[in-house]
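Just below is one structure, and these are the notes that go with it.
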Amino acid sequence: MPRRLKKRSRKAGLPPGSLIHIGDRLTEKTKITAFDYDESHLQEKEIKTVGECQQFKDSRDVSWIHVEGIHETQILEELGALFGLHPLTLEDILNTEQRPKVEDYGVDLFIVVKLLSYNEKTDEIEAEQISLILRRNALLSFQEKEGDDFLSVKGRIQNGKGRLRRLGADYLAYALIDAIVDSYFSVLEDLGERIVNLEEDLARTPDRTTLFEINGIKKEIIYLRKAVWPLREAVSFLERGDSSLLTPATRVYFRDVYDHTVQVIDTVETYRDLLSGMLDLYLSSISNRTNEIMKFLTVIGTIFIPLTFLAGVYGMNFHYFPELDKAWAYPAFWAVCVVLSVTMLLFFRRRGWL
Amino acid sequence: MPRRLKKRSRKAGLPPGSLIHIGDRLTEKTKITAFDYDESHLQEKEIKTVGECQQFKDSRDVSWIHVEGIHETQILEELGALFGLHPLTLEDILNTEQRPKVEDYGVDLFIVVKLLSYNEKTDEIEAEQISLILRRNALLSFQEKEGDDFLSVKGRIQNGKGRLRRLGADYLAYALIDAIVDSYFSVLEDLGERIVNLEEDLARTPDRTTLFEINGIKKEIIYLRKAVWPLREAVSFLERGDSSLLTPATRVYFRDVYDHTVQVIDTVETYRDLLSGMLDLYLSSISNRTNEIMKFLTVIGTIFIPLTFLAGVYGMNFHYFPELDKAWAYPAFWAVCVVLSVTMLLFFRRRGWL
Amino acid sequence: MPRRLKKRSRKAGLPPGSLIHIGDRLTEKTKITAFDYDESHLQEKEIKTVGECQQFKDSRDVSWIHVEGIHETQILEELGALFGLHPLTLEDILNTEQRPKVEDYGVDLFIVVKLLSYNEKTDEIEAEQISLILRRNALLSFQEKEGDDFLSVKGRIQNGKGRLRRLGADYLAYALIDAIVDSYFSVLEDLGERIVNLEEDLARTPDRTTLFEINGIKKEIIYLRKAVWPLREAVSFLERGDSSLLTPATRVYFRDVYDHTVQVIDTVETYRDLLSGMLDLYLSSISNRTNEIMKFLTVIGTIFIPLTFLAGVYGMNFHYFPELDKAWAYPAFWAVCVVLSVTMLLFFRRRGWL
Amino acid sequence: MPRRLKKRSRKAGLPPGSLIHIGDRLTEKTKITAFDYDESHLQEKEIKTVGECQQFKDSRDVSWIHVEGIHETQILEELGALFGLHPLTLEDILNTEQRPKVEDYGVDLFIVVKLLSYNEKTDEIEAEQISLILRRNALLSFQEKEGDDFLSVKGRIQNGKGRLRRLGADYLAYALIDAIVDSYFSVLEDLGERIVNLEEDLARTPDRTTLFEINGIKKEIIYLRKAVWPLREAVSFLERGDSSLLTPATRVYFRDVYDHTVQVIDTVETYRDLLSGMLDLYLSSISNRTNEIMKFLTVIGTIFIPLTFLAGVYGMNFHYFPELDKAWAYPAFWAVCVVLSVTMLLFFRRRGWL
Amino acid sequence: MPRRLKKRSRKAGLPPGSLIHIGDRLTEKTKITAFDYDESHLQEKEIKTVGECQQFKDSRDVSWIHVEGIHETQILEELGALFGLHPLTLEDILNTEQRPKVEDYGVDLFIVVKLLSYNEKTDEIEAEQISLILRRNALLSFQEKEGDDFLSVKGRIQNGKGRLRRLGADYLAYALIDAIVDSYFSVLEDLGERIVNLEEDLARTPDRTTLFEINGIKKEIIYLRKAVWPLREAVSFLERGDSSLLTPATRVYFRDVYDHTVQVIDTVETYRDLLSGMLDLYLSSISNRTNEIMKFLTVIGTIFIPLTFLAGVYGMNFHYFPELDKAWAYPAFWAVCVVLSVTMLLFFRRRGWL
């Protein structure tokens, strides 16, 4: 998908760690929300200046700092300085061309995943990059634009019951990733619907747009695969990797996410196989139709061409032309025509052309 | 196969472990049967309330609790509480979209497999999810609907002779999985029959329905592969994994199941190859037929088109037209026609078009 | 290949280890031959009752008990009891649907391989299942029907010279497997000949039967691959596995068999590639021919259609028709015809259609 | 790509380590530049004779000797002698057919990568081989021709601030490789543009040149893959290999390069998939068009062929021809023609051919 | 490639180690040359009887015994006895169907490689099997026919300078294998030339022979792959395997050969991809041409068919035929013809058919 590739050249020649936002500016203003909770208490706060984050950094409870909008590189730089993030981490957060991945920096885990959504207008899958930095007691998350994608997670925190408040920052990371992988199922459902419609088109009246539709879905699937396969690898690391930031209790949940990821991959691959079957159906239905048309032309043509010749013969002006004088000649001509036509039709029927 | 995908979105946004049944409600009433046996005694009982299971849980003999119907989440919740099951396990039992898998929770093994059957009416393969929880002395099994799929296993328990009564809960798990894998062979036989019929169709008179039939079987095979490949992995774990719940004596039997699974995969892949060969046959048979039709049209056309021209010539009304007056002209015309036609036919024969 | 699949359903629902013969009854009577030898002596005996085998079981020399015909399950049961074979081993010997494999039971190795032969009448590859049980000083071998496939091995035993008499039961197992793998080369030669003939057909006059022949060989190759790939794995185990029943001296020979197996696989894969190239050739030769035919029709058609129109014009009966009265009109008509035709022909030649 | 293959045979039969330049002579004169720097000082010098390099070899700061132009084998030989390079290393530097690779000689790492650029004139990707020799305190780099490809790296050295001056020779090697991998993104952007243009062509009016364009891009992608896949392996070694020349701090940066390489591969593979989809689109658009043309011919043909026959009939000269005398005959003829044509047209419409 | 397969069946049924030559007899007389050298001295001798080799066997210098012609099994048997070779080694030397491989017998390494050459007459790649037996101080090499393939190696020995005389038998083995791998590049160049010619043919006037040429090269590439892929494995063992016969100094050189082998594989795979692109080009150029021809026929046909009908109408002999009497009728007829034709042509132009 060449959709976003171009913007990257902005960066060529710069030293690594240069903070340049690569991607579309998807929101006006950066919005930072901080949560600080343990089983018994909860503090939720909208952050105005990066400095306010200091208190959460030092808190012994679980702190979640959620950043919506990443184009203001200044804010990210300050956050990076406050939390001591590696320059490459900051660069990766800003470059929305990342593949899903997990990087283990010892004191923190840097996780990149893609939140997918299906744009009904363009019929294209859109990806938003979510970057997570997981520490012992804190989670930093970065999202390209403001959205309600994590409303349910926030609700569960505010609600106060359930595992989320009892368990650590790693479980929170799990909850976010789980919500992201759930977004894939909804994208798959939209694609699945298009495929079902396509199947019906193919069974009825495939035309040129059918082919472009097949190719269109194929392109979305190519895009989807690029997001999903590396995600599997990343989640597998979270389940099995040896980072001490992930407790065994949470790893069980990551195994569940892993299962979901594999299910997504399964479905994507199934769609791919279905589409390739559809392409075959389409191509052969064109051949079939050409065949039908040819058959029709051949039947009409081979019946009338000899008859026309015959009519031409008796339209000749030779002076010596015995048949012309016979009274029975004209009816005989018609008789010959009928016999010839019927013979031909029988022949075509036997050949299976009718 | 987008058949079942849609229902999953019901769950988006819920915390993990939320007990929601994903799948069709396939039976009216949940039915629980309990077996408790060792070599010398056997107790079989239909369970009315989950509480009655308590005695089997504590029994030192092998206990088998078989649940048919999983839509009553209340009952599952109670069972989960009684046996101390992990919330994700319960969730997986209810979500019939699982891939076959084995999960090792230490004190128990959670096994998911698919029981397949061939629906003669829709010509589709149907899958029922079977979940097993294997403990030291107990096996819990969950099935989507009431069925006689395990009658032979029950019979062997009731019968009292044979290894089943002598060996532990792991052997019972084996017996169930063996019965399930046997169901795959019967599905393969049904598919095999359709393929043989298709081959005959192809050799005789392939038409558009043949193509849709090829594509239909292909889709069933895509579906089948999704069930079989992960099953192999799961059974391989049961044969080689390091869970202490599986005795070496039983592992030998799992090796046998593993062999059967590989045989199933072999056959599925063979079918796939055969179908792709059939598609080639089909496509080229269309090309062949178009070719035949064209040949016929060309033969008829190229013989009569020049003759018709000739007849047209002698039908012209030029006043000065020497040939028209000759007595031999008309017979000569026919002679020319015959000579031309025969020449053409010989030419076609030499070209191999006749 | 759905050839044999069906018979398996006979067994569904039976406990594992049930002795039921799956396969065709290929011989009338089970024939058991026993050899007992070391470097200095040789005893060869036709066994009538299983009890007679007792002496060979306890012998310290190398004993080879060769069973031809496996449908009499009673005899196998007795042999199993006498030699203490695992019930699954007996079941596998009887089920001729096995994939080639080696199973290590500690005191014995259970080896399944397929003896292939090419049936000239049906043009199909036929497989006979050979099961070997290798012990410290003994080898049991089971073959579906009486045959002279191991004559050369028997000859080398009787002959008394050479390594076979000096080395142990594992070398005997090697000798048998080597003879079996040799059978694959002869099958490959037969297939190779068919492929060479096919190539000549393709270069000359491919027709519909050519396509079916391509597909037929393809099916045989699918079948062959199913036998050969797992064989490689099995032989690799014999070469590298850690069973103490195989001496280092013999393993060198198994390495040689392994090389042959890989050579067989190489050839099979080469055939596959060649066949897929042939399919391309075939398909494009049809396209080519349709193209040729169309060209011919187009040349004839486009030359005569305008001329026929012209003749039609001068056959019209308009009263005011100046050309008709001119004496030069008729010759001029012919001149126009000739000029038009020649122009057309030159045009076609320039286009490369002639 | 057979582009450069031929020149290699110049070397056949020579002993290994023979210094022969394989490739095009891309520059007139070899140019050697030396940098010697640590955090506080910087020396930059254009080298005239290899002997001048001695001082840099022994320097304890980071030394970078950059050689532009490699066809003067004499100079390379002297450099090799001075720095004690392995003869095979020198040979590899001169043979510009190398695949990207890393070779660990203990005291130095020999790294080969390809700098890519897109030649707008020939629409071909051009590769320049860059060889690096990394030592404890020194980096030797060899480039085929003079170029400004590393201007930004030089700038950062001269600039004096930033990590480059603080860190060692391994970081310098990283900086160069990073600049090289950046060149891949720009090549990908050029290819991406061609693909987008192609997509528009396909949606509008594909013709024969479209096909050649598809094939042309495909060839570039084949070329690109040959450069990129082994690069991934090489960079992976730099990130994870056990050479002591690479500090952990720098390895983090190589992980970043690795990520970029994988991104490049992802894009290349995506392009490949897109192109194969385009080929399908192209092929089926030809079929579609043939179909359209045939439909048109069939419609015109089958309407007029019967009518022409009819006109021929009434052009016959039979003496006994009752219809000819009727006054209504001529209008009736036209009526029949109109009715027949309309019937045909309705029939075609119902068939979906109009 | 079924080229040589047949001869193998000669051996079926023989015990392993039976010395039978499988392959064509490529030379008249076996020729044995012996070299014995260290840095300071060199002895070169043509051997008449195998017994003369005794002195070289016991020599402490490097001895190289080079055998050209392997059909005289008697000589090989004597050599085998003298040097104590394993019977399977001798068998493998004689069976020229071997795949490239390395076998480690502890005291010696047995290496099989293929020397390739391009037969300009048959346009086929020919392979000659070279077998090497490497010992501590000796190298035995076997070649199918007399040839000058190793002239450069011999020259370097005779020349006396360079590494070859200083280093051991393993370096000599390297030198031979390096010369062999060089032969692959020359074969690749010949193939590359054919591919370039093919590409030009495709751009100009592809016909049926083009397709057979594509298929012919494809077959050569299948053959080449069979030789090259296992060679990579073999050379990789020489570079990385744990045989003590290979010194670290020589392993560096084998790494170089390994690189060349990978380069060969790269090129072979590239050729494969190019050829598959060419096949697509060819097939679609046929479709294109059929399309063109159809277009032409359709244009001519659909213009003249209606006009011919019209001419037919005015050739009818109805007595009541008002138009015939009008003086303007004939010019009007022509006017209608012209208008119709021009309309049609404009229509075709708008459709893009002209």
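Protein chains in written order, with the working numbering: chain A, 69 to 422; chain B, 69 to 422; chain C, 69 to 422; chain D, 69 to 422; chain E, 69 to 422. Ideal placement from N, C-alpha and C gives every residue a C-beta, glycine not left out.
Does any residue of chain A have a CB that is nearer than 8 angstroms to the CB of residue i?
| i | result |
| --- | --- |
| residue 29(D) | As displayed, chain D neither begins before 69 nor continues past 422, which places residue 29(D) out of reach and without an answer. |
| residue 286(B) | yes |
| residue 157(D) | no |
So residue i is in the beta strand (DSSP E); what residue range does that whole segment cover?
| i | result |
| --- | --- |
| residue 115(D) | 110 to 115 |
| residue 104(E) | 99 to 105 |
| residue 385(A) | Segment: none, residue 385(A) is in no beta strand (DSSP E) and carries neither H nor E. |
| residue 221(E) | Segment 219 to 227 is the alpha helix (DSSP H) holding residue 221(E); no beta strand (DSSP E) there. |
Any heavy atom of the ligand FAD within a distance shorter than 7 angstroms of the CB on residue i?
| i | result |
| --- | --- |
| residue 275(E) | With respect to small molecules bound, the structure shown includes none, and the ligand FAD cannot be examined in it. |
Please report the residue range of the alpha helix (DSSP H) in which residue i lies.
| i | result |
| --- | --- |
| residue 359(B) | 316 to 381 |
| residue 239(A) | 237 to 271 |
| residue 296(A) | 276 to 308 |
| residue 125(D) | 122 to 126 |
Cα separation between residue i and residue j?
| i | j | result |
| --- | --- | --- |
| residue 125(A) | residue 322(D) | 30 angstroms |
| residue 392(E) | residue 361(D) | 36 angstroms |
| residue 309(D) | residue 175(D) | 14 angstroms |
| residue 84(E) | residue 245(E) | 28 angstroms |
| residue 144(A) | residue 223(A) | 26 angstroms |
| residue 214(B) | residue 137(B) | 7 angstroms |
| residue 367(C) | residue 368(B) | 14 angstroms |
| residue 424(A) | residue 135(A) | In the structure as shown, chain A starts at 69 and stops at 422, and residue 424(A) therefore has no counterpart that could be examined. |
Which partner residues of residue i appear in the DSSP bridge assignment?
| i | result |
| --- | --- |
| residue 206(A) | 131(A) |
| residue 489(D) | The displayed coordinates of chain D run from 69 to 422. Any statement about residue 489(D) would go beyond what the structure contains. |
| residue 136(D) | 99(D), 211(D) |
At least one CB of chain D closer than 8 angstroms to the CB of residue i: is that the case?
| i | result |
| --- | --- |
| residue 377(E) | yes |
| residue 411(A) | no |
Flag residue i as yes if its beta-carbon sits less than 8 angstroms from any beta-carbon of chain E, otherwise no.
| i | result |
| --- | --- |
| residue 290(D) | yes |
| residue 180(C) | no |
| residue 67(C) | Because chain C here runs from 69 to 422, residue 67(C) falls outside it and cannot be looked at. |
| residue 15(C) | Residue 15(C) cannot be examined here, being either before or after the span of chain C that is shown, 69 to 422. |
For a cutoff of 8 angstroms on Cβ pairs, would you count residue i as touching chain B?
| i | result |
| --- | --- |
| residue 393(C) | yes |
| residue 74(C) | Model confidence at residue 74(C) stands at a pLDDT of 46, short of 50, so the residue's coordinates are unreliable; what they give is reported in the following sentence. Cβ-Cβ to chain B under 8 angstroms: yes for residue 74(C). |
Return no unless some Cβ of chain H is closer than 8 angstroms to the Cβ of residue i.
| i | result |
| --- | --- |
| residue 347(C) | Protein chains A, B, C, D and E are contained in the structure displayed, whereas chain H is not. |
Taking 8 angstroms as the CB-CB limit, is residue i close to chain C?
| i | result |
| --- | --- |
| residue 234(E) | no |
Could you tell me whether the segment 371 to 382 of chain B touches the segment 394 to 405 of chain B, where touching means 3 or more Cβ pairs closer than 8 angstroms? yes
Does the structure place the segment 114 to 129 of chain D close enough to the segment 98 to 106 of chain D that three or more beta carbon pairs sit under 8 angstroms? yes
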